[in-house]
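Residue numbers (my numbering): 185 to 469.
C-beta atoms are modelled at their ideal positions from N, C-alpha and C, and glycine is treated no differently.
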Amino acid sequence: MHVGLMMFSTDQTVAPAPLARMIAERGFEAMFLPEHSHIPVTRSTPYPLGGDLPPEYYRTIDMFVGLAAATTAEPGLTIGTGITVVPQHDPIYLAKQVASVDQLSGGKLIFGVGYGWNQDEIEDHGVPYKKRRTVTREKMLAMRELWTQEVASFHGDYVDFAPTYQWPKPVQAGGPPVVIGGLAGPKLFEHIAEYAHGWAPIGTRTIIEGLPALQRAFEDAGRDPATIRLHAFDPRSDASLVERYASLGVERLIITVPPTGRDDLARKLDAMMPLNDLVRGEERG
């Protein structure tokens, strides 16, 4: 199992390039960045964790710009999106952004995607909230065409374009690995089995309760459940938790770190360094 880190990188925190260096210097394998395009001042959608929405949600640096800076600073680091709110993006342009960052990183990009939770934010992009899953599916299928075909075209209800060229193609054949975030459910698992490589939930309980249903969805789609790629996000970093994720077959644990400045972040990362020794011990065992 690999251990990576995710932090909101904003105009008030450590920037992506030095963040990548700090992560790599301490032996962590990956760096993920989240995204929100904007946050409407007046919202009908409450913050999922309760209370006021933290300012990093509307101050975050564009994830693809940030990941490009990160991979330039630390070429050996795995980078990932955690997560890209796909329904908010133009799929033709998003396909180029993803492929470009995969090229710059030498094929080290993990494409974490999701449907989005903030109704007001999503609808500002012209996407009906209740259609966001359908829109996401169509955009993902369209992007796959752009990544894999010399001449690509797509005709759907929400995405439609005539035969076209688009380069660069991703380094990773067929596009980077796609892991979808979200709570366990039949619709989510149906989508993962159709056009993704794996699942990226939060917490061990979600995996324990949901994995059997995801495995059945893969079987129903004619795919081998053994190929499911599990990633997990978690704010906790204690050793017993890492061991538990490893026992569940998680490929990569992404520990979410509160956004902060360089000195405070350095202390937090230093305290987490023993996790790398634990993971290496698990691999040797």
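Sorting Q356, H339, P354, V355 by C-alpha distance to the C-alpha of T348 places H339 at the top.
Under the rule that a run must span 3 or more residues, the beta strand (DSSP E) segments found entirely inside the segment 350 to 406 read 362 to 364. Taking 4 residues as the minimum length, the alpha helix (DSSP H) runs contained wholly in the segment 279 to 320 are 303 to 307, in order along the chain.
Spatial neighbours of G266 in its own chain (CB-CB distance under 7 angstroms, excluding positions within 5 residues in sequence) are listed in chain order as M190, F216, L217, P218, G296, F417, I438.
When C-beta atoms of the segment 231 to 243 are compared with those of the segment 277 to 289, fewer than three pairs fall below 8 angstroms, so the two segments do not count as touching. Fewer than three Cβ pairs drawn from the segment 305 to 312 and the segment 247 to 256 lie within less than 8 angstroms of each other, which leaves the two stretches out of contact. Using a 10 angstroms sphere on the CB of P442, the tally of other CB atoms stays under 16, which defines it as exposed. For M215, the enclosing beta strand (DSSP E) begins and ends at 214 to 217. Between the C-alpha atoms of K323 and S424 there is a straight-line separation of about 39 angstroms.
Going by DSSP, D344 is part of no alpha helix (DSSP H) but of the beta strand (DSSP E) stretching over 344 to 348.
If you look at L237, you'll find it isn't in any beta strand (DSSP E); DSSP assigns it neither H nor E. Minimum Cα-Cα distance from P419 among the listed residues A405, A397, P385 corresponds to P385. Take the alpha-carbon of Q196 and the one of D448: they are about 13 angstroms apart. Cβ atoms of M185 and A430 come within 8 angstroms of each other, at about 4 angstroms.
Minimum Cα-Cα distance from G433 among the listed residues P396, A455, M456 corresponds to P396.
V225 and T244 have their C-alpha atoms roughly 16 angstroms apart. Under the DSSP assignment, G250 falls outside any beta strand (DSSP E), being part of the alpha helix (DSSP H) whose first and last residues are 247 to 257. Separation of S289 and P370 (C-alpha to C-alpha, rounded to the nearest whole angstrom) is 34 angstroms. In the three-state DSSP reduction, S431 falls in the helix class (H, G or I). Cβ atoms of G300 and P271 come within 8 angstroms of each other, at about 6 angstroms.
Around the Cβ of P275, a 10 Å sphere holds 16 or more other Cβ atoms; the residue is buried. By a beta-carbon distance limit of 8 angstroms, V362 contacts Y379. Their separation comes to about 7 angstroms. With a threshold of 16 other beta carbon atoms within 10 Å, W351 falls short and is exposed. Shown here, V463 sits in a helix according to DSSP, grouped into three states.
Relative to T255, the option among I207, Y231, Y277 whose CA is nearest is I207.
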